[in-house]
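Asker: Can you read through this structure? Questions will come right after.
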Amino acid sequence: MTKLKFKDKVILITGAASGIGLETAKKFLSEGGIIAACDVNEKGLEEAQKSLGIKYRTYKMDVTNFPEVERVIDTIAKDLGHIDVLVNNAGSVREKPLLESNIEDFDFTLNVNLKGTYNTTKAVMKYMVKQNSGVVVNVSSIVGVYGNPGQSAYSASKAGVNVLAKVWAKEFARYGIRVNSIAPGYVRTPLISGLSKEKIDEIKSKTLLGRLAEPVEIANVILFLASNESSYITGQVIGVDGGMII
Ligand code: NAD
262 MTKLKFKDKV ILITGAASGI GLETAKKFLS EGGIIAACDV NEKGLEEAQK
312 SLGIKYRTYK MDVTNFPEVE RVIDTIAKDL GHIDVLVNNA GSVREKPLLE
362 SNIEDFDFTL NVNLKGTYNT TKAVMKYMVK QNSGVVVNVS SIVGVYGNPG
412 QSAYSASKAG VNVLAKVWAK EFARYGIRVN SIAPGYVRTP LISGLSKEKI
462 DEIKSKTLLG RLAEPVEIAN VILFLASNES SYITGQVIGV DGGMII
């Protein structure tokens, strides 16, 4: 019998009600994990739990609100005893070229993607340090590496997330904690459902593989980075973009 890779491990995933976060939760469940599924979308969490069962534990949490994040994470640690893996996945995008954008859009995007990652990691890390073990995976984006026209805030937020992985890898290696970022290209999820067919075709044509990613192709790499199979990888930004040229 093959051993389940995450048997009884607790995996905290933000933005777990949809897209990449939900697919990642399913993969961890299939490897024996227990999910602390966090999201602002309570209805989405409830719907997912109906099909995924009680090992998908749901927690309403807005990553932009630090007091709420701290309270929820303390509750998760009490409920489940330990937090072995953190997947910083909650994210949002508001596309506008610089001259059409406004400060509110910029603040909103930075708050969810960058500050949300900071808030959640800060609250979880104290438990990982106490345990002397843990793995953090930030879900960033390839635009945080190359920049993308029309996405000032989103690109800046994801570049910030990438560098935070490097900072935290350096701060926490001494506690046996690894931190990496994954930088997907475009993935078929609700996040990009507003894009026109023309835009999607243009995106596909910019990838060597000629297509979008499926959420499971991102989830597979998140599981790899969270597992002992990647035990010598830390402080890295791993591109999963079908060979995208921006
Ligand atoms: P999605 O919209 O399907 O899922 C995002 C989830 O984050 C939603 O469930 C949403 O409710 C949650 N969320 C949003 N704001 C939140 C907040 N303040 N607090 C808690 N939860 C919040 O999108 P997705 O494509 O699955 O995105 C997941 C991550 O992947 C994001 O960080 C996104 O930037 C990144 N990403 C997506 C793509 C893509 O093409 N879909 C590409 C690169 C990176």
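Residue numbers (my numbering): 262 to 507. Ideal placement from N, C-alpha and C gives every residue a C-beta, glycine not left out.
1) Roughly how many angstroms lie between the CA atoms of V330 and K387, to the nearest whole one?
2) Considering Cα atoms alone, identify which of T336, D300 and E307 is closest to T378.
3) Quick check on DSSP: helix, strand or coil for K376?
4) Determine the direct distance from the alpha carbon of A420 to that of F369, and round the result to whole angstroms.
5) With a threshold of 7 Å (Cβ to nearest heavy atom), would Y447 be considered close to the ligand NAD?
6) The beta strand (DSSP E) that contains K321, what's its start and end?
7) Quick one: Cα of S466 to Cα of I403, how far?
8) With distances taken Cα to Cα, identify the nearest neighbour of G314 among N302, A297 and D335.
9) Which residues does DSSP pair with V348 in a beta bridge?
10) Would you mind listing the beta strand (DSSP E) stretches within the stretch 478-507 that are 3+ residues and don't spill past its ends, in chain order?
11) Going by other Cβ atoms of all chains shown within 10 Å of its Cβ, with 16 needed for buried, is A434 buried or exposed?
12) Using a threshold of 8 Å, state whether the C-beta atoms of V348 and T275 are closer than that.
13) Are the stretch 484-497 and the stretch 405-414 touching, with three or more C-beta to C-beta distances below 8 Å?
14) Out of curiosity, what's the CA-to-CA distance linking K460 and I295?
15) Shorter than 7 Å, the distance from the beta carbon of L371 to the closest heavy atom of the ligand NAD, or not?
16) What is the rounded straight-line gap between the Cα of V424 and the Cα of A444?
17) Under 8 Å between the Cβ atoms of S401 and F367?
18) CB A480 to CB G503, shorter than 8 Å?
Answerer: Taking the structure as given:
1) 13 Å
2) D300
3) helix
4) Computed Cα separation, rounded: 16 Å.
5) yes
6) Y317 to K321
7) Computed Cα separation, rounded: 16 Å.
8) A297
9) Answer is I274 and V398.
10) 498-501
11) exposed
12) yes
13) Flag = no, the stretch 484-497 and the stretch 405-414 do not touch.
14) 38 Å
15) no
16) 12 Å
17) Between S401 and F367, the CB-CB gap reaches or exceeds 8 Å.
18) no
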